[in-house]
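One structure is given below, encoded as structure tokens.
Numbering (our numbering), first residue to last: 8 to 339.
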């Protein structure tokens with residue numbers, strides 16, 4: 008069993024070193040923050056020389072640049088808000104103006120649609136009056152010729168007398184029918200001319216109303232598009248500035264920490280928060296203690312007999328293997 012002890016002791020030291028390394032990593036993070044906080048609190052409250060002054064000047068430059076870009080970002084934000092308000096106001100004016108123009112367009116369009124519909128119906132159902140009148144002229148001539156032919160026959164039979172009566176009646180009706188067709192023809196021509204006159208006067212009004220709508224839409228599209236692109240460009244600029252400001256804020260951490268380290272090295276505490284120096288000193292002691300324990304553990308490991316330690320490791324591996332096999336056998 009004594010041959011196994013060196014491996015067990017080394018295993019305990021390895022575990023202890025790993026725990027200390029984890030603690031050291033955490034302590035160093037805390038120390039970095041504490042040193043940064045010390046530099047942040049004390050950099051304006053102490054007189055610096057040499058290397059410390061260089062860090063102070065670097066920090067001052069970063070803060071001045073950060074302030075400049077913050078002001079520029081604020082101005083851009085104000086400009087973006089103003090342009091968004093202007094865009095909203097212009098859209099409202101556009102919508103109100105368009106509503107008025109659209110109402111005028113509807114008023115101008117209604118007579119055109121009505122007249123075009125009536126004219127299309129009139130032309131579709133219109134009668135060829137000239138042909139009908141000409142047909143009646145030909146019929147009248149035929150009736151008169153037949154009437155004259157019957158009279159010239161000499162002897163008038165009852166049947167011929169009946170036919171003559173019919174022909175005289177028809178000859179009397181045809182002129183009235185022709186007069187009615189002529190009246191209807193004149194009425195149709197007058198109606199079509201009236202509708203064409205209505206369209207001739209209404210279409211220019213509609214065209215003007217349409218042109219006003221199109222012109223308004225085009226002007227608004229150009230103006231709104233320009234504003235939209237300008238706003239998008241300034242939003243991009245503002246985002247870039249905010250990213251730069253964020254990077255500058257991160258860049259301040261290093262000068263702050265270096266100043267904090269110098270303050271801690273010289274035992275200078277901020278006048279209003281002296282505990283910040285104590286926190287750094289405490290964490291430095293913690294870090295140093297952990298480093299010392301890890302170093303001492305390595306020293307102890309180095310003093311072990313290397314040959315004996317190898318034999319101990321081998322025996323430990325064999326014991327663990329045998330125990331595993333027994334446990335597997337018992338489990339089955």
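Using N, Cα and C, we set each Cβ at its ideal position, and we do this for glycine too.
Cα-Cα separation between residue i and residue j, rounded to whole angstroms
i           : j           : result
residue 28  : residue 301 : 8 Å
residue 199 : residue 214 : 22 Å
residue 115 : residue 209 : 7 Å
residue 106 : residue 246 : 38 Å
residue 26  : residue 293 : 14 Å
residue 8   : residue 14  : Here residue 8 scores only 48 on pLDDT, less than 50, and its place in the model is too uncertain to base an answer on.
residue 146 : residue 201 : 34 Å
residue 278 : residue 253 : 29 Å
residue 33  : residue 275 : 25 Å
residue 3   : residue 119 : Limits of the chain in this structure are 8 at one end and 339 at the other, which puts residue 3 out of reach.
residue 282 : residue 272 : 15 Å
residue 84  : residue 97  : 20 Å
residue 205 : residue 159 : 58 Å
residue 81  : residue 239 : 16 Å
residue 111 : residue 186 : 45 Å
residue 94  : residue 123 : 41 Å
residue 324 : residue 299 : 31 Å
residue 144 : residue 155 : 17 Å
residue 18  : residue 12  : 10 Å
residue 237 : residue 228 : 14 Å
residue 335 : residue 306 : 39 Å
residue 338 : residue 39  : 52 Å
residue 207 : residue 138 : 29 Å
residue 321 : residue 332 : 17 Å
Contacting residues, own chain, Cβ-Cβ under 7 Å from residue i (five flanking each side not counted)
i           : result
residue 54  : Low per-residue confidence applies at residue 54: pLDDT is 49, beneath 50, and the placement is therefore not dependable enough to give any value.
residue 79  : 248
residue 318 : 10
residue 23  : 304
residue 242 : 87
residue 77  : 252
When the options are compared against residue i, the one with the closest alpha-carbon
i           : options               : result
residue 296 : 14, 87 and 35         : 35
residue 109 : 304, 264, 216 and 230 : 216
residue 176 : 194, 156 and 151      : 151
residue 16  : 89, 331, 310 and 149  : 310
residue 141 : 338, 19, 189 and 337  : 189
residue 195 : 211, 144 and 128      : 128
residue 149 : 178, 138 and 312      : 178
residue 20  : 308, 211 and 113      : 308
Element boundaries [alpha helix (DSSP H), containing residue i]
i           : result
residue 13  : 12 to 49
residue 309 : 282 to 310
Neighbourhood of residue i by C-beta distance below 6 Å, restricted to the same chain and skipping five residues each side
i           : result
residue 37  : 290
residue 327 : none
residue 42  : 264, 267, 268 and 287
residue 330 : none
Beta-carbon proximity list for residue i, same chain, < 8 Å, skipping 5 on both sides
i           : result
residue 203 : 126
residue 157 : 163, 167, 170, 171 and 174
residue 285 : 276
residue 220 : 105, 108, 109 and 112
7 Å Cβ cutoff, residue i in contact with chain D
i           : result
residue 292 : No chain D is present in this structure, which holds just one protein chain.
Check whether the stretch 218 to 235 and the stretch 70 to 88 touch, using three or more Cβ-Cβ pairs below 8 Å as the test. No, the stretch 218 to 235 is not in contact with the stretch 70 to 88.
Using 8 Å as the Cβ pair cut-off and three pairs as the minimum, do the stretch 163 to 183 and the stretch 98 to 112 touch? Because the criterion of three Cβ pairs below 8 Å is not met, the stretch 163 to 183 and the stretch 98 to 112 do not touch.
Just checking, does the stretch 260 to 276 make contact with the stretch 37 to 48 on the three C-beta pairs under 8 Å criterion? The stretch 260 to 276 vs the stretch 37 to 48: in contact.
Is it a yes or a no for the stretch 228 to 235 touching the stretch 158 to 173, going by three-plus beta-carbon pairs under 8 Å? No, they do not touch.
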